[in-house]
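Each remark here refers to the structure printed beneath this line.
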Amino acid sequence: MKKKLDFKEYGEQFRYTLFKMPAAGRFIQEHRLWEGFWKYGWVSRFLIVVALLVGLKFLSAAINWVQSFSTGDPGQVVQSMGMMFTE
């Protein structure tokens with residue numbers, strides 16, 4: 372059964388991470404990462420969005436694989452590793 376993406380939860384985790392790692396927040400503010408994004412053309416923005424979606428899909432597949440990984444039988448370990456590359 373596929374789970375629906377919970378963007379609210381992702382936002383909360385991002386804020387939590389920024390509070391726990393203040394250096395990341397200072398880096399983002401100091402280097403003003405959001406300003407340069409609008410200087411690129413529409414093709415670059417489109418490719419960035421596509422890259423983010425592909426990255427999230429890969430991350431989702433990797434997390435699902437780790438959650439279903441079973442080490443009870445050596446044959447299952449190899450089978451589980453093979454299943455990671457089929458998604």
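Position in the sequence shown counted from 1, then plus 371, gives you this note's numbering. Note that CB positions come from ideal geometry on N, CA and C, so glycine has one too. What you are looking at is a predicted structure, and each value in this text was computed from that prediction instead of being measured.
Nearest-angstrom Cβ-Cβ length linking residue i and residue j, presumed shorter than 8 Å
| i | j | result |
| --- | --- | --- |
| Gly-396 | Leu-389 | 5 Å |
Backbone secondary structure at residue i - three-state DSSP
| i | result |
| --- | --- |
| Trp-405 | coil |
| Tyr-411 | coil |
Distance, residue j Cα to residue i Cα
| i | j | result |
| --- | --- | --- |
| Trp-436 | Ile-399 | 32 Å |
| Phe-385 | Met-392 | 10 Å |
| Phe-429 | Phe-417 | 18 Å |
| Ser-415 | Ser-439 | 36 Å |
| His-402 | Lys-410 | 15 Å |
| Val-420 | Tyr-387 | 24 Å |
| Ala-394 | Lys-375 | 32 Å |
Boundaries of the alpha helix (DSSP H) in which residue i is found, first to last residue
| i | result |
| --- | --- |
| Lys-375 | Run containing Lys-375: none; DSSP gives neither H nor E here. |
Residue i beta carbon near the ligand ADP (any heavy atom closer than 7 Å)
| i | result |
| --- | --- |
| Ser-415 | Of ligands this structure carries none, so the ligand ADP is not represented either. |
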